[in-house]
Amino acid sequence: MNAEQILEKAPSVAKQWAAQREERQQRTKADPADYETLRSIGVPLLAVPVEFGGTWQDLSRSARTIGMMLRNPSTR
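Numbered according to the numbering used here, the sequence shown spans residues 2 to 77.
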């Protein structure tokens, strides 16, 4: 999986979670299913170096990708 594929999948997760906003804000603990969702679309790979199977190359090439995802992925 590459960074572009992760960025393509993130908006759909963000939209799904946005639709559940009220319910999610009432939670008092994290839902393991949320972490599984993020893992399934590859989000943790954004911080893992390429040589270990992730997408992180170096600060100048990879930080923008993370920033793009964190900004407002539902409007990309």
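All C-beta atoms in this analysis are idealised placements derived from N, C-alpha and C, irrespective of residue type, glycine included.
Note to self: Contact between the stretch 23-37 and the stretch 47-61 is defined here as three or more beta-carbon pairs at a separation below 8 angstroms; is this criterion met?
What the structure shows: Flag = no, the stretch 23-37 and the stretch 47-61 do not touch.
Next item on the list: State buried or exposed for K10, treating a residue as buried only when at least 16 other CB atoms are found within 10 Å of its CB.
Entry: Counting Cβ neighbours within 10 Å, K10 comes out buried, since at least 16 surround it.
Checklist line | Length of the line joining the Cα atoms of I42 and L71 | finding: Whole-angstrom Cα-Cα distance: 14 angstroms.
Margin query: Counting C-beta neighbours from all protein chains within 10 Å, is the total for T56 16 or more, i.e. buried, or is it exposed?
Written below: Classification for T56: buried.
Note to self: Do A4 and T66 count as a contact pair if the criterion is CB distance below 9 angstroms?
What the structure shows: Yes, the pair counts as a contact, with Cβ atoms nearer than the cut-off.
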